[in-house]
Amino acid sequence: MTRGSLTRSTSFSSQDNHESDSSAKFGALLAGLGIAALGLTRKSATRVAMVATGATIASFALRDDSAEQSQSSSCATSSIIVNVPRERAYSFWRDFSNLPQFMNHLKSVEVSDGRHSRWVAYGPMNKEIEWDAEITDEQENERILWQSIEGSDISMLGIVEFTEAAGKRGTLIKVNISYESPGGALSNTAAKLLGKDPSFLMRQDMRRFKALLEAGEIPTTEGQSHGPRSLLSGLFGAMNPDEPVKKNAGRSLANAHKRRVS
Amino acid sequence: MKAICWMGKEKMSVEDVPDPKILNPRDAIIRITRTCICGSDLHLYNGFMPTMEQGDIVGHEFMGEVVEVGSGVNREKLKVGDRVVVPFTIACGNCFFCNEQLWSLCDNSNPNYWIAEEMMGNSPSGLFGYTHMMGGYAGGQAQYARVPFADVGPLKIPEGLSDEQVVFLSDIFPTGYMGAENCNIRPGDTVAIWGCGPVGLFAIKSAFLLGAERVIAIDRFPYRLQRAKEAGAETINYEQVDDLVQSLKDMTGSMGPDSCCDAVGMEAAGHTLPFMIDRAKQVMRLSFDRPNVFRQCIMACRKGGTISMPGVYGGLVDKIPLGQFMNKGLTLKTGQTHMMRYMKPLLELIEQHKIDPSFVISHRVSLDEAPEMYKTFRDKQDECTKVVIDPWAESKAA
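Protein chains in written order, with this note's numbering: chain A, 29 to 290; chain B, 447 to 844.
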């Protein structure tokens with residue numbers, strides 16, 4: 029028995045997961061090659077994009093990542109400088125109910141008391157995943173550490189640190205959030221297909237955090253006017269790795285009020 | 447409303463689309479009174495810019511009247527009824543870059559930041575009516591437009607000035623001016639400017655305003671060279687000289703111009719071997735750019751001189767004479783225009799009658815006539831220099 033299969037055998041359902049993963053991958057390979065082939069028939073500038081997208085999907089499907097499959101945890105890190113005083117950045121974050129405004133995978137965070145909160149996140153197929161978390165350590169204007177309480181469906185650990193940025197450019201924020209869950213519940217299919225890791229998504233979250241605090245709103249073009257779209261646009265929309273949940277009417281509306289500081 | 451949409455390579459069409467609405471608190475809606483076709487719209491028309499989508503509303507040079515403002519707009523800075531020119535770059539006004547007056551590098555205005563970040567390492571500001579990599583904001587070749595961060599960009603226009611006098615404050619006048627400013631002009635300098643389109647013409651006028659003694663303008667269309675001459679420049683038709691670099695040296699006592707300004711960018715024409723290779727690579731989509739003007743700038747510029755690049759480039763290029771650039775000790779200054787730095791001072795120049803930007807206009811059309819003007823403008827037919835659109839005018843044909 030190899031070391032890889034030893035690790036995998038710790039999960040009872042690993043065999044099932046592996047099989048469904050294989051068929052998903054075969055589907056992705058077919059879809060990828062299909063998009064690339066369709067792209068080759070195009071004359072316009074979309075050809076390069078289509079071939080590249082198709083090839084990316086196909087190469088993902090062909091990649092041997094059996095090592096990754098044995099892990100059901102994800103760890104995301106990011107840092108960003110926000111042009112506001114440390115107190116402002118800290119207090120906005122410390123009120124966890126603000127987090128869904130810029131963390132796209134979160135539906136809501138309800139703060140029940142000074143240390144406890146209830147989190148609801150979007151999982152695959154828009155399934156909601158809930159857990160309770162508590163703040164286990166904090167230093168005002170410097171650091172917050174929180175984690176899911178024992179016995180939750182999902183295990184989460186988050187650390188965020190606030191320091192003065194060099195050159196009086198505001199606050200340097202470093203964040204590290206790790207999730208552990210059966211079957212990688214918070215995975216983003218589009219992001220995964222495009223080879224984006226959890227830190228990519230965290231960077232987008234932090235961009236939105238920065239825009240909220242600096243500009244008072246998150247830039248958007250969602251809902252703006254346009255002329256007739258082609259089928260390709262829908263495809264590109266579906267492949268946006270920064271959109272963790274497939275768009276639907278309710279979700280779009282949910283986004284609209286999440287884009288601004290209340 | 448009616449709007450011009452990019453429907454594919456060399457396909458612009460007038461479409462009926464929903465009126466824009468306020469999407470964010472700091473938005474405003476503008477009823478557009480004048481809008482223009484820009485040379486950089488031709489890069490979209492020719493299909494050289496990646497991340498366009500069918501149905502995108504184009505146009506980034508527009509002005510009009512404020513008809514609606516969002517709840518987050520500072521009413522002291524902008525209110526309903528104001529007549530404004532809208533800069534083509536979108537800026538939040540509060541980030542490090544805006545504070546540094548580097549407005550076209552705003553950190554918070556591109557909703558698709560990650561696409562540009564992957565291609566360039568970081569994203570510049572969002573732009574109206576351009577690629578999705580630059581934000582994918584609906585543009586201003588339309589009857590109405592939504593303007594984000596409306597209390598930062600739009601410049602109020604005093605009474606007594608016509609739309610045609612001020613509409614070019616939206617892009618090409620400040621762009622030509624920054625192109626000249628980036629030349630580091632000192633009194634007595636000689637400046638060579640490649641491209642006598644609207645930006646080149648404004649760069650010529652601005653170079654003189656900034657103290658240049660001589661301006662040498664380079665193009666191949668006699669009517670454009672004529673306009674450059676009228677602006678006070680000496681001219682070279684590069685198709686009529688054997689060696690452009692040698693001609694420039696001959697005109698400057700073998701020294702070369704103190705500054706060289708590339709007001710052409712990624713779709714330069716030419717007939718040299720490197721140009722042919724660039725053209726072939728562009729056709730095969732191996733490259734977006736044909737950087738032969740930039741190459742000539744490096745070879746022609748005097749030692750220790752400055753190259754200014756207002757012309758737009760898309761991505762990776764090769765066969766740039768970098769060793770020559772280094773050994774000659776040259777300086778390169780470039781970037782999308784930091785609009786809000788220039789709009790007000792340039793408006794004052796217009797008010798003081800030091801310049802009337804409307805001199806560049808060659809065509810005035812309705813929205814319905816605009817799509818065909820893309821071809822006219824690109825192919826330099828009918829002595830086309832600058833097309834201005836009245837989005838409310840009835841089509842002459844109708």
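Where a beta carbon is used, it is the ideal one built from N, C-alpha and C, also for glycine.
Residue i to residue j span [Cα, whole Å]
i	j	result
Glu710 of chain B	Phe542 of chain B	According to the sequence as given, residue 710 of chain B is Val; it is not Glu. Whole-angstrom Cα-Cα distance: 30 Å.
Gln827 of chain B	Ile483 of chain B	15 Å
Glu96 of chain A	Leu229 of chain A	Unreliable placement is indicated for Glu96 of chain A, whose pLDDT of 45 sits below 50; the coordinate value is still reported in the next sentence. Approximately 18 Å, taken between the alpha carbons.
Ile801 of chain B	Ser608 of chain B	13 Å
Gly493 of chain B	Pro817 of chain B	15 Å
Leu671 of chain B	Asp473 of chain B	42 Å
Phe721 of chain B	Ala715 of chain B	8 Å
Asp465 of chain B	Glu605 of chain B	28 Å
Ser209 of chain A	Ser227 of chain A	17 Å
Glu507 of chain B	Glu166 of chain A	50 Å
Leu778 of chain B	Ile744 of chain B	10 Å
Ile108 of chain A	Leu548 of chain B	19 Å
Glu511 of chain B	Ala591 of chain B	10 Å
Pro496 of chain B	His578 of chain B	8 Å
Asp597 of chain B	Val833 of chain B	28 Å
Gly142 of chain A	Glu189 of chain A	19 Å
Met785 of chain B	Pro620 of chain B	6 Å
Gln611 of chain B	Pro644 of chain B	14 Å
Asp836 of chain B	Met712 of chain B	29 Å
Asn554 of chain B	Leu690 of chain B	43 Å
Pick from the options that is closest to residue i, judged by C-alpha positions
i	options	result
Gly581 of chain B	A:Ile246, A:Val112, A:Ser258	A:Ile246
Gly634 of chain B	B:Asp553, B:Thr698, B:Glu456	B:Thr698
Glu659 of chain B	B:Arg725, B:Ala626, B:Glu815	B:Ala626
Trp452 of chain B	B:Ile476, B:Asn470, B:Leu488	B:Leu488
Ile753 of chain B	B:Asp764, B:Leu776, B:Asp735	B:Leu776
Glu680 of chain B	B:Ile650, B:Gly702, B:Asp704, B:Asp708	B:Ile650
Trp838 of chain B	B:Tyr759, B:Gln587, B:Tyr583	B:Gln587
Asp617 of chain B	B:Phe823, B:Arg810, B:Tyr788, B:Gln798	B:Tyr788
Asn204 of chain A	A:Trp174, A:Ala194, A:Lys224	A:Trp174
Met447 of chain B	B:Ile503, B:Val758, B:Ile561	B:Ile503
Val513 of chain B	B:Gly505, B:Ala584, B:Val530, B:Gly501	B:Val530
Phe771 of chain B	B:Leu647, B:Tyr623, B:Gln798, B:Gln742	B:Gln742
Glu797 of chain B	B:Asn683, B:Gly585, B:Cys552, B:Leu615	B:Leu615
Ser140 of chain A	A:Asp160, A:Ala239, A:Gly251	A:Asp160
Met566 of chain B	B:Asn738, B:Ala449, B:Leu551	B:Leu551
Glu156 of chain A	A:Thr249, A:Asp181, A:Leu241	A:Asp181
Val613 of chain B	B:Phe534, B:Arg632, B:Ile631	B:Phe534
Extent of the continuous beta strand (DSSP E) to which residue i belongs
i	result
Gln167 of chain A	156–167
Thr780 of chain B	777–780
Glu514 of chain B	507–515
Cys544 of chain B	That residue, Cys544 of chain B, is in no beta strand (DSSP E); its alpha helix (DSSP H) goes 542–545.
Thr822 of chain B	From DSSP, Thr822 of chain B is part of no beta strand (DSSP E) but of the alpha helix (DSSP H) over 816–824.
Ser705 of chain B	705–708
Leu792 of chain B	Taken as a continuous stretch (DSSP letters only), Leu792 of chain B belongs to no beta strand (DSSP E), being part of the alpha helix (DSSP H) at 785–797.
Lys135 of chain A	134–139
His144 of chain A	144–150
Buried versus exposed, by CB contacts within 10 Å (16 or more), residue i
i	result
Ile526 of chain B	Inspection of the sequence shows that residue 526 of chain B is occupied by Val rather than by Ile. Under this definition Val526 of chain B is an exposed residue.
Ser119 of chain A	exposed
Val806 of chain B	buried
Leu768 of chain B	exposed
Leu762 of chain B	exposed
His133 of chain A	buried
Val637 of chain B	buried
Ala194 of chain A	exposed
Pro557 of chain B	buried
Val729 of chain B	exposed
Leu719 of chain B	exposed
Arg114 of chain A	buried
His799 of chain B	exposed
Continuous alpha helix (DSSP H) stretch holding residue i: start and end
i	result
Lys651 of chain B	644–655
Cys743 of chain B	738–746
Ile618 of chain B	618–627
Trp560 of chain B	559–566
Trp121 of chain A	114–122
*Can you give me, in chain order, the residues of the region 494–505 of chain B that have a beta carbon less than 9 Å from any beta carbon in chain A?*
Phe494, Met495, Pro496, Thr497, Met498, Glu499, Gln500, Gly501, Asp502, Ile503
_Short of 7 Å Cβ to Cβ, which residues in the region 100–124 of chain A face chain B?_
Asn111
*Relative to chain B, which residues along the region 240–262 of chain A have a C-beta separation below 8 Å, given in chain order?*
Glu242, Ala243, Gly244, Glu245, Ile246, Pro247, Thr248, Thr249, Glu250, Gly251, Gln252, Ser253, His254, Gly255, Pro256, Arg257, Ser258, Leu260, Ser261
*Taking any Cβ of chain A, which residues in the region 516–546 of chain B have a Cβ under 7 Å from it, in chain order?*
Gly518, Cys538, Asn540, Cys541, Phe542
*Under 9 Å (Cβ pairs) to chain A, residues found in the region 595–609 of chain B*: Phe595
*Using a Cβ-Cβ cut-off of less than 8 Å, list which residues of the region 459–487 of chain B approach chain A; keep chain order.*
Ser459, Glu461, Val463, Pro464, Asp465, Pro466, Lys467, Leu469, Asn470, Pro471, Arg472
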